[in-house]
Every structure is written in C-alpha cells, then in structure tokens.
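Accompanying notes for the structure given below.
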Amino acid sequence: MNKKVFQFVNFKRNGRFSTAIETIKDYNTSRYAMVLLAVGLTVLNCAFTNIDIIFSAAVPIFNCISDKKNITSLNNQILIKNEFYLDNDMCFNQNGCPIIAFSDEFEYTIPIKWSLICERSFYVFLLNLSVSLGMTLSCFWNGYLADRFGRKTSSTVSLLLNIMLRIISLFVNSIELYIGFRLALSALDISMYMHVYLLCIELTPQKYRIFSDVARSFFYSIGILSLPLIFYILGHWINVQIFIAITTLICLILVSKKLDTLVKVNNVDQ
C-alpha cells in the first residue's frame, strides 16, 4: 500500500480525523477556509496553464480549396497574408493544389496562428517540451528564492510576473519568442504554487495539515479536468490567455490578504 494512503487510513482509523476538524473549528474555520481557497485557486491556476498544450496540439485539418469552394472569413484572413501556404509550398502544392485552407473545427489555435504545419510542425513539440523544461528548471531555484526573500514575497513576485508575461505573450510576433515566454511561464507557475503551498503548510498547525494537502490535490485535479470545458467555452486562444491572467490576479489578491491572517494568528514573524 502506498505510504501516504496508509498514513491517511491510519489517521482516520485512530479518530484523529474528527479531532482535526474540531481543532479547525477552534482555530477559526472561516479564516482557515479562506486560506485554503487562496492556495486552492493558486493551484487551480497552475492547472489552467496547461491549456496551452491543448491549443498547441489542436492541429486543424487542411484541405485543398478549389474555385468552386468557399472559405470562411478566418481562413480568408490567414490566406491573404500568403505566408500560410507559400511557406509550405513543397508540402501541399506538389500535388497541384492551388490553395490550402484549414478547417475551423478548433477556431483559433497556436498552429493556426503561426502556420505550424509541414516542416514547421516540430515547433509544436518544442512548445510542449518548454512546459516540462520550465517546470524542471524552476525546481532548482525555488528553495533558494523562498529562503532568501521569503515565501510570501517570492510567491507575490511570481504571480505578478506571470500576469505580465501572459499578457505580453499575446503580442509576440514569432513562435520562437513565444516558446521562450512559455518556458518562463511554466517555471513561474511552479514557483508561485510551491511558495504559496509551503507557506500555508508551515503556518498550519500540524494536526490538520492534511486538509491543506487535500485542498492542493483537489483543486489541481479540478483544474486539469476542466481544461476541455474551458477550451470549449472560450474557444479562442487569446480569450484563454486573458482568462488565466484574470484568475492569476485573483490569486494575487487572495494570497496577499489571506496569508497575512495566518501569520498574525500564529504570531509568526513574516
């Protein structure tokens, strides 16, 4: 049996689960609930950022367009630039097709924005790789920054940088630059999540730290499971970026306000 599962079962069997709930009531339930909400939303936001992987993987279907077929306004806007099919001439036009257009099944995605088809399709792999690489690199400096500048300061700076880079990424003019932004955003996501979570755990009485851990796992799972729904509702790649920036701003406000309450209640020096 997994060690954590065994500890949880043993924790519940010995009656410490109900004891922890009673302790929370004495500790100030509403205040602690808001702290859990702050941590939960931060974790939820980290899960939301994986939507970029869906948008990069959603490669539309490309078809040959003859004079007798109509194309949508979105196709027309892309084709006017000429770059969309001229850059991929050897890929499609070798069969004598005059114009290639894509289906609007996924509306506006990263492959459509930068024509990531044919010989440019490897950028999709690089984009997804940048997500994993950013998470890995972030692990090397999170502990140092948290100890050097403090948990709250580190998490607040990470949240602010996340908002700024996400908004700026909407206006980048090359996929190479966007991949660099995505690597930085991935690192910041892990950074803000770890700093907020560690601070909450450190300021939470040991008797019911399990609730903080359960909240973290619950909100992250909800965030991942909701990605297809977000993709379906918002549809447009830019709308998703703005949505995530707004949720990050909410996290920033909650973190700055609610974690202060834990510090004051526990009489801990910030």
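Per the numbering used here, the sequence shown starts with residue 97, numbered consecutively. Think of the CB as a built atom: it goes at the ideal place given N, C-alpha and C, for glycine as much as any other residue.
Item, Value
"Taking the alpha-carbon of F239 as reference, which of S251, F221 and L133 has the nearest alpha-carbon?", "The residue asked about is misnamed: residue 239 is Gly in this sequence, not Phe. Taking only the C-alpha atoms, the option nearest G239 is S251."
"Could you pull the start and end residues of the alpha helix (DSSP H) that V253 belongs to?", "R247 to I264"
"Inspect the CB distances between the stretch 256 to 271 and the stretch 306 to 314 and report whether three or more fall short of 8 angstroms.", "no"
"What is the rounded straight-line gap between the Cα of N258 and the Cα of Q302?", "31 angstroms"
"On the criterion of 16 or more Cβ atoms from any shown chain inside 10 Å, does C235 qualify as buried, or is it exposed?", "exposed"
"In chain order, what residues of the same chain lie with their CB nearer than 6 angstroms to the CB of S287, ignoring the 5 residues before and after it?", "S234, N238 and S254"
"Can you give me the Cβ contacts of V227 inside the same chain, cut-off strictly under 6 angstroms, excluding the 5 residues immediately before and after it?", "S282"
"Straight-line CA distance for F221 to I334?", "21 angstroms"
"Helix, strand or coil for H332? Go by DSSP, reduced to three states.", "coil"
"Based on Cα-Cα distance, which residue from H291, P207 and I318 lies nearest to F245?", "H291"
"F221 CB to nearest chain B CB: under 7 angstroms?", "Absence of chain B from the displayed structure is noted, only one protein chain being present."
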